[in-house]
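Q: Take a look at the following structure, please.
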Ligand SMILES: [Zn+2]
């Protein structure tokens, strides 16, 4: 697939070519295009483990969860609501660098080894409880959930 990014009315193919769209492009067309937009570094299939049971849910957004120390992205999480990230339900992890479903023990950064989250349960479902201050996360508005 071709990587491309939509900036306003400009469609930029990565790498190299840049195609300028007609300034009067209608919103519907832009929205239609957004479904196909892949921002480099945020596209699917970049991490080791995919969650085959992942489904799109309403009122959720994608979060890139990374190590607070070495900054390595560790997981893409489908987050509901506006609050801070307290835990990651394994069923809501879209993809990750670690096989969370079969991980024994706590979640550590695969790159620097920092302990990031503790394995546990939430409403009887497998979850990883974030250790305060050990992770960074950012919203990925262009990630195709
Ligand atoms: Zn790290």
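In the working numbering, the protein residues as written are 576 to 720. The beta-carbon is built from N, C-alpha and C at its ideal position, and this holds for glycine as well.
(1) Is residue 686 a contact residue of ligand 1, with contact defined as CB to any heavy atom under 7 Å?
(2) If you follow the beta strand (DSSP E) that residue 694 is part of, which residue opens it and which one closes it?
(3) Can residue 560 be considered in contact with ligand 1, in the sense that its beta carbon sits closer than 7 Å to one or more heavy atoms?
(4) Considering only heavy atoms of ligand 2, does any lie closer than 7 Å to the CB of residue 720?
(5) So residue 684 is in the beta strand (DSSP E); what residue range does that whole segment cover?
(6) Between residue 684 and residue 640, what straight-line distance do the alpha-carbon atoms span, to the nearest angstrom?
(7) Using CA coordinates, which residue listed in 648, 652, 642, 644 is at the minimum distance from residue 632?
A: Result, derived from the coordinates:
(1) In the chain shown, counting from the first residue as 1, residue 686 sits at position 111. Yes.
(2) Numbered from its first residue, the chain shown carries residue 694 at position 119. From DSSP, the beta strand (DSSP E) with residue 694 extends over 690-697.
(3) As displayed, the chain neither begins before 576 nor continues past 720, which places residue 560 out of reach and without an answer.
(4) Within the structure as shown, ligand 2 is missing, the only ligands being ligand 1.
(5) Within the chain shown, the letter at position 109 stands for residue 684. Counting along the chain, residue 684 falls outside any beta strand (DSSP E), and DSSP gives it neither H nor E.
(6) Stepping through the chain shown from its first residue, residue 684 is reached at position 109. Stepping through the chain shown from its first residue, residue 640 is reached at position 65. Distance between the alpha carbons of residue 684 and residue 640 is about 11 Å.
(7) For this step, residue 632 is matched to residue 57 along the chain shown. With distances taken between Cα atoms, residue 632 lies closest to 652.
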